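*Asks:*
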Amino acid sequence: MKIAVLPGDGIGTEIVSEAVKVLEVLDLKFEMKSALVGGAAYEAHGHPLPESTLQLAKEADAILFGAVGDWKYDKLDRPLRPEQAILGLRKHLGLFANFRPAICYEQLVGASSLKPELIAGLDILIIRELTGDIYFGQPRGRRTAVDGHFPGAEEAFDTMRYSRPEIERIAHVAFQAARKRNKKVTSVDKANVLETFQFWKDVVTDVHKEYPDVELQHMYVDNAAMQLVKAPKAFDVVVTGNMFGDILSDEASMLTGSIGMLPSASLNSKGQGLYEPSHGSAPDIAGKGVANPLATILSAAMMLRFSLNQEAAAQRIETAVQKVLAQGLRTPDIWSEGTTKVGTAQMGDAVVKALTA
Ligand code: NAD
Ligand code: IPM
Ligand code: MN
């Protein structure tokens, strides 16, 4: 089992170290190789995704990724910015299906900003299309406007687009995932305004004909953002495009107590996957040893489940995380009165201890 370990920038290095610690105490044979990515790779090699890093990722059975980015790179030309590394990996490896499960562990019901009764027992799955939409659509750029409200003015533009096969394959992923859960899919769109998302809605409706046992609901993204905090447990599987999925998954992370709790898996059609927390490099807390490593540790569990065929080990990690939370250990982002505040490494150590006890 070959794992490419790409810690990246900011808290990326701190949280990935903890996930690696956890993987190392499992009685499994991994071949883990690390490489620089993001700003760290730009500093060393002049590119956020060097050929050698991409190659390592391509040859691996799975990739464990931390996070990339720092404000200090905001002025670089876009192709050199750290974020291009994760976008490039998703594109080059064809990682079109992004699973972001928002599960509220019972120990963390008090950590969310929502009322406990709204989130107790929450278990929803956001499936975000990850290689299309306005993120990758061409053309894009800057130019002088020839029409619009201010002809002659400087303007910028991006292109939102989806092809039928791109929508079909993510819709199949969502319906198949729902079959293993509560058999309900909410497809989130903006069909009332955008042609791309009227097409999305039409194609999802077509694919649904193959899944009569699964309930399909369509919802506009603005309403979905509201419903997610009004009645989150009414959702089961949410499927949506790249940009809406990015935004809604950060929103959903607060239903679990913190963005530091939301893992993710990004899969291609070969079952190869990249596993990363849903959050970023958190420059505001980087280097302080306070970041929550649980989203990354839970992403490693998803890696064992989806790419390495180690369901038992995945469950062991998830159980260990719950044990540690039951012991009252909390990084600052999930801390509340009456619990014990710990740092990143202490949290990782506690998970290791719970696994080996
Ligand atoms: P962010 O997710 O890095 O941070 C948002 C807030 O959440 C911050 O206050 C941060 O301290 C907190 N936070 C995030 N993860 C946490 C954790 N594990 N424990 C405790 N608190 C945590 O988002 P941002 O600040 O908008 O972006 C920072 C940088 O990260 C940017 O350069 C952005 O492009 C990049 N980014 C990268 C990825 C990725 O690599 N996949 C994802 C999102 C953002
Ligand atoms: C995420 C991040 C990325 C995205 C950025 C860093 C490119 O926000 O993984 O959610 O927008 O997809
Ligand atoms: Mn995001």
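Counting in the UniProt record's numbering, the sequence shown runs from 1 upward without gaps.
Cβ atoms here follow ideal geometry from the backbone N, Cα and C, with glycine treated the same way.
Quantities reported herein were computed from a predicted structural model and do not represent experimental measurements.
(1) Is Asp213 a contact residue of the ligand MN, with contact defined as CB to any heavy atom under 7 Å?
(2) Distance check for Ala97 and Ala178, CA to CA, integer angstroms please.
(3) Please state if the CB of Thr344 and the CB of Glu14 are separated by a distance shorter than 8 Å.
(4) How about Ala19 and Ile297: do their beta carbons lie closer than 8 Å?
(5) To which residues of the same chain is Arg164 closer than 7 Å at the C-beta, ignoring the five residues directly before and after it?
(6) Do Gly260 and the ligand NAD come close, with the Cβ less than 7 Å from some heavy atom?
(7) Measure the CB-CB distance between Ile126 and Asp61 and report whether it falls below 8 Å.
(8) Nearest CA to the CA of residue 359: which residue from Ile170, Cys104, Ala102, Lys183?
(9) Closest by CA to Tyr73, which one among Gly38, Gly148, Phe30?
(10) From the beta carbon of Gly39, is the nearest beta carbon of chain D less than 8 Å away?
(11) For Gln327 versus Ala350, is the C-beta spacing smaller than 8 Å?
(12) Using a threshold of 8 Å, state whether the C-beta atoms of Val188 and Phe244 are closer than that.
(13) In whole angstroms, what is the alpha-carbon distance linking Gly257 and Val239?
(14) Which residues have a Cβ closer than 5 Å to any heavy atom of the ligand IPM, listed in chain order?
(15) Considering only their Cβ atoms, is the gap separating Leu64 from Tyr275 smaller than 8 Å?
*Replies:* From the atom records:
(1) Against the sequence shown, residue 213 aligns to sequence position 213. No, Cβ of Asp213 sits at least 7 Å from all heavy atoms of the ligand MN.
(2) Along the sequence shown, one-based indexing puts residue 178 at 178. Along the sequence shown, one-based indexing puts residue 97 at 97. Answer to the nearest angstrom: the Cα atoms are 14 Å apart.
(3) Indexing the sequence shown from 1 puts residue 14 at position 14. Indexing the sequence shown from 1 puts residue 344 at position 344. By the CB criterion at 8 Å, Glu14 and Thr344 fall inside the cutoff.
(4) By one-based count along the sequence shown, residue 19 stands at place 19. By one-based count along the sequence shown, residue 297 stands at place 297. Contact: yes.
(5) In the sequence shown, residue 164 corresponds to position 164, counting from 1. Excluding positions up to five away in sequence, the list reads Val203.
(6) In the sequence shown, counting from the first residue as 1, residue 260 sits at position 260. For Gly260, the CB falls within less than 7 Å of some heavy atom of the ligand NAD.
(7) For the purposes of this step, residue 126 is taken as the residue at position 126 of the sequence shown. For the purposes of this step, residue 61 is taken as the residue at position 61 of the sequence shown. In this structure, Asp61 does not lie closer than 8 Å to Ile126 by Cβ.
(8) The first residue shown for the chain is 1 and the last is 357, placing residue 359 beyond what the model contains.
(9) For the purposes of this step, residue 73 is taken as the residue at position 73 of the sequence shown. For the set Gly38, Gly148, Phe30, the Cα lying nearest the Cα of Tyr73 is the one of Gly38.
(10) This model lacks chain D altogether, as it is built from one protein chain only.
(11) Taking the first residue of the sequence shown as position 1, residue 327 is located at position 327. Taking the first residue of the sequence shown as position 1, residue 350 is located at position 350. In this structure, Gln327 sits near Ala350, with a CB-CB distance shorter than 8 Å.
(12) By one-based count along the sequence shown, residue 188 stands at place 188. By one-based count along the sequence shown, residue 244 stands at place 244. Taking 8 Å as the Cβ cut-off, Val188 and Phe244 qualify as a contacting pair.
(13) As a position in the sequence shown, residue 257 is number 257, starting the count at 1. As a position in the sequence shown, residue 239 is number 239, starting the count at 1. Taking the straight line from one Cα to the other gives about 22 Å.
(14) Answer in sequence order: Glu83, Asp246.
(15) Against the sequence shown, residue 275 aligns to sequence position 275. Against the sequence shown, residue 64 aligns to sequence position 64. With respect to Leu64, Tyr275 sits close: the two C-beta atoms are nearer than 8 Å.
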